[in-house]
Amino acid sequence: MNVLTRGVKNALRSPLRSGAIVLMFAISIALILSMLVARSSVQAKINEVKATAGTNITIRPAGVMGGMGGGNPLTAEQLATIKSTANVSSTTLTLTDQLGTDDTELESSQELGAFGQRQMRFESSGATSTTEGTGAAATENADRPAPTPRITVTGTNDVNSVSTNGSDLNITSGKTIDASSNELVALVGSTLATKNSLEVGDTFTAYGSTVTVSGIYSTDNAFQDSGIIMPLTTLQTLTDQADVVNTVIATVNSSDNVAAAVTSLETSLGDDADITSESETAAASVESLESISSLALAGVIGAAIAGAAIVLLAMVMVVRERRREIGVMKAVGGTDGKVVGQFTIEGLTLTLIGTVIGIGLGVVVSGPMTTSLVSSQDSSSSTATTAAQAGPGGRPAGGFAGGFPGSVQQINTNLTQVTASLTPQVFATALGLTFLIAIIGSAVPAWLTARVRPAEVLRTE
Amino acid sequence: MLQVTNVSKTFNTPGGPVHALKDISLTVQTGEFVSIIGKSGSGKSTLLSILGALDTPTNGTITVDENSIEKLSGHAQTKYRGHKIGFVFQQYNLIPNLTAIENVMLALEFGGYPASSRVDRATKLLESVGLEEEQIHRRPTRLSGGQQQRVSIARALANDPAYILADEPTGNLDSATGKKVFDLLHDLSRNQNTTVIVVTHDLEIAGKTDRTFTLVDGKITTK
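Going down the list, the protein sequences come from chains A and B. Each residue of the first sequence is one higher than the last, beginning at 19 in my numbering. Each residue of the second sequence is one higher than the last, beginning at 159 in my numbering.
Shown next as structure tokens:
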């Protein structure tokens, strides 16, 4: 039997006490590992969010919102300014217009309803009202001719920007259009196509020109499914609005640069444009993730301190209980090195067993613990993100040229998409912390052991 | 030869300094069997601790085989204890979670004995002090007081020490067992030329030693 075997044997001399110490230490190690995994996973998500979400800036002519209001479209010169703004990596351009009965033979697939009638109550189509309204609006407009709903046309250089869920536009039949062309082609919304019995390859008249249906699309939004999408240049030509648009979505290379880009655009465009960005929503999303990260870091520190305290106090207790034994060992020729070595090995044995159990436990619980942390934070932030989705007056920000609904939705899903992963780096950090704890937990008892003077201990008998 | 010259020991306590030993001088020849007697608190155990380099004197010198030990470094004191001194305590002071043979092997390890010969050496020592084969693998709690003291003596003899310092070795034993332990120590002195210094309050035991030192209030009154 030597120092090593004696140290290991002594560590296990009291199974109940050693078991309790090991269990407490293992729990703290498991907590350290779980918190490190949570922090690492959330930090990776924060970086991902910063790179991909909240990087869009919407620029509209002052006074225009979602196809309503008034003002002058953005000019080619303003577009050039936007594109040359620092950190703006790409732009999506949109021009919207509405087809009335004079512009097309197509019938709108939208029912006006009481809301639609009220919005269009100052207009007259000359037709007799056949729509049954309700409430004050219906009574007020009872004698007026029923307005005819118009068909919204969107000209864009990126048809996928019309998608409502952040993914590519869902083409249910036919093929998409080349948004950079000036061809007389269009994508028709599914309900509009059904209403007018349009199929791929059919034609319809718009602004006096014949337009071919290239494809039919479907979204989860009834308003959009009753619209038409054309190449931007085509619509600009048909409506005699060369080179102008009424919405620009500028994508910035990182969410960290959004605020600076907004400031720069506000300076260069002045009062001619309304500029909004997702930066606050993105910041809110990242902020909640960062609070989880901070919580996890606090957990790591707390668990590390607890682990060190457990080993330290346990070993201090062991040393104090066995002062006589230490004194006897020194009296019969045990050097400080050998005696301290034995007690250090006792501490390290307990630490090692606790570490093995703790890491096993940590691997099992780190996933659920990360999920639990994220979901508890998600529920507290859901109210804020719901409010952020609504535009002025409660009008949905989504829709044709209404903003970037897909991006907002993407940000909202960030919290629930954090995946716990135990990387080698996290594992190495956990082992490093454990090693540090073992050193701290052993150093002080070793110091106490070295200070034991055999004469003082043996004198007390 | 062990020579103590003008040794004093003072403990600083909250109640003021306590003079445990006052100007002690004595000489013990090699192979001699001596006893130190005195009342409780007279300084017997303190003197034994200083002789065994467990403690240092406040003043004076201790020369063991022409080497002064009172100014040895901590490591040198440990080496001195491991090779020159064997301790026998009243409370036996065996390591509780080690068996009898492991307790003896512990001293052999500290004394630098080769690992391969420790078992044989420890077994012989335990047999020489009267322990039976099945007793040497028992833990101290499963041995009687007399058997534990025999293990303690075997441990003290592990490294062939020149000096055995025994502090009340029979104090916790019945008279018959105490006599056997005393005889064992006596045999060591006679047959192995080991110097044995016994602290005791038993005058009958003291009467059987070669010489007796009497301590009263930290001073030697008779030799």
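For each residue, glycine too, the CB sits at the ideal point set by N, CA and C.
Any C-beta of chain A under 7 Å from that of residue i
i	result
B/Gly329	no
B/Thr299	no
B/Gly240	yes
B/Asn251	yes
B/Phe268	yes
B/Thr236	yes
B/Asn217	no
B/Ile378	no
B/Lys229	no
B/Ser333	no
B/Ser207	yes
B/Asp213	yes
B/Ala265	yes
B/Asn225	no
B/Gly304	no
B/Phe371	no
B/Phe245	yes
C-beta neighbour in chain B for residue i, strict 7 Å
i	result
A/Ala327	no
A/Arg35	no
A/Arg31	yes
A/Val470	no
A/Leu466	no
A/Ala473	yes
A/Ser400	Reliability fails at A/Ser400, whose pLDDT of 45 lies under 50, so the model's placement of it is uncertain and the value that follows must be treated cautiously. So, not an interface residue.
A/Glu339	no
A/Glu343	yes
A/Val26	no
A/Leu22	no
A/Pro463	no
Residue i Cβ short of 6 Å to the ligand ATP heavy atom set
i	result
B/Gly174	This structure does not include the ligand ATP; it has no bound ligands of any sort.
Continuous beta strand (DSSP E) stretch holding residue i: start and end
i	result
B/Lys167	Leu160 to Thr171
A/Thr114	Val106 to Leu117
B/Arg369	Arg369 to Val374
A/Val171	Ile169 to Thr174
A/Gly192	Ile189 to Gly192
B/Ile243	Ile243 to Val246
A/Thr76	Asn74 to Pro79
Start and end residues, alpha helix (DSSP H) containing residue i
i	result
A/Val40	Pro33 to Thr70
B/Pro254	Unbroken run through B/Pro254: none, as it is neither H nor E.
A/Ala291	From DSSP, A/Ala291 is part of no alpha helix (DSSP H) but of the beta strand (DSSP E) over Ala291 to Ser295.
A/Pro442	Pro442 to Arg469
A/Thr99	Ala94 to Lys101
B/Asn351	Segment: none, B/Asn351 is in no alpha helix (DSSP H) and carries neither H nor E.
A/Thr23	Val21 to Ala29
B/Ile363	Leu361 to Gly365
So within the stretch 282-349 of chain B, which uninterrupted beta strand (DSSP E) runs reach at least 3 residues, ignoring any that extend past its ends? 321-325
If you measure beta-carbon to beta-carbon, which residues of the stretch 343-364 of chain B are closer than 7 Å to chain A? none
The stretch 381-391 of chain A touching the stretch 342-349 of chain A, judged by at least three CB pairs closer than 8 Å: no
Which runs of the alpha helix (DSSP H) spanning at least 4 residues fall entirely within the stretch 201-288 of chain A, listed in chain order? 208-213, 250-256 and 276-287
Give the residues from the stretch 159-171 of chain B that approach chain A closer than 8 Å (Cβ to any Cβ), ordered along the chain. none
If contact is defined by three or more beta carbon pairs under 8 Å, each pair taking one atom from either stretch, is the stretch 264-272 of chain A in contact with the stretch 68-82 of chain A? yes
Residues of the stretch 346-363 of chain A with a CB closer than 8 Å to any CB of chain B: list them in chain order, please. Val346, Met347, Lys348, Ala349, Val350, Gly351, Gly352, Thr353, Asp354 and Lys356
What residue ranges within the stretch 187-241 of chain B form continuous beta strand (DSSP E) runs of no fewer than 3 residues, ordered along the chain? 191-196 and 217-222
Do the stretch 46-58 of chain A and the stretch 437-448 of chain A make contact, defined as three or more Cβ pairs closer than 8 Å? yes
Is the stretch 243-257 of chain A in contact with the stretch 51-66 of chain A, if contact means three or more CB pairs nearer than 8 Å? no
Mind listing, in chain order, the continuous alpha helix (DSSP H) runs of no fewer than 4 residues lying wholly within the stretch 341-372 of chain A? 341-349
Please name the residues in the stretch 361-384 of chain A whose beta-carbon is closer than 8 Å to at least one beta-carbon of chain B, in chain order. none
For the stretch 170-186 of chain B against the stretch 462-478 of chain A, do three or more pairs of beta-carbon atoms, one drawn from each stretch, fall closer than 8 Å, so that the two count as touching? no
Between the stretch 437-449 of chain A and chain B, which residues of the former have CB atoms less than 9 Å from a CB of the latter, in chain order? none
Does the stretch 60-68 of chain A come close enough to the stretch 90-97 of chain A that 3 or more CB-CB pairs lie under 8 Å? no
Are the stretch 182-198 of chain B and the stretch 366-378 of chain B touching by the rule of at least three beta carbon pairs closer than 8 Å? yes
Would you call the stretch 286-301 of chain B and the stretch 267-274 of chain B touching, i.e. three or more CB-CB distances under 8 Å? no
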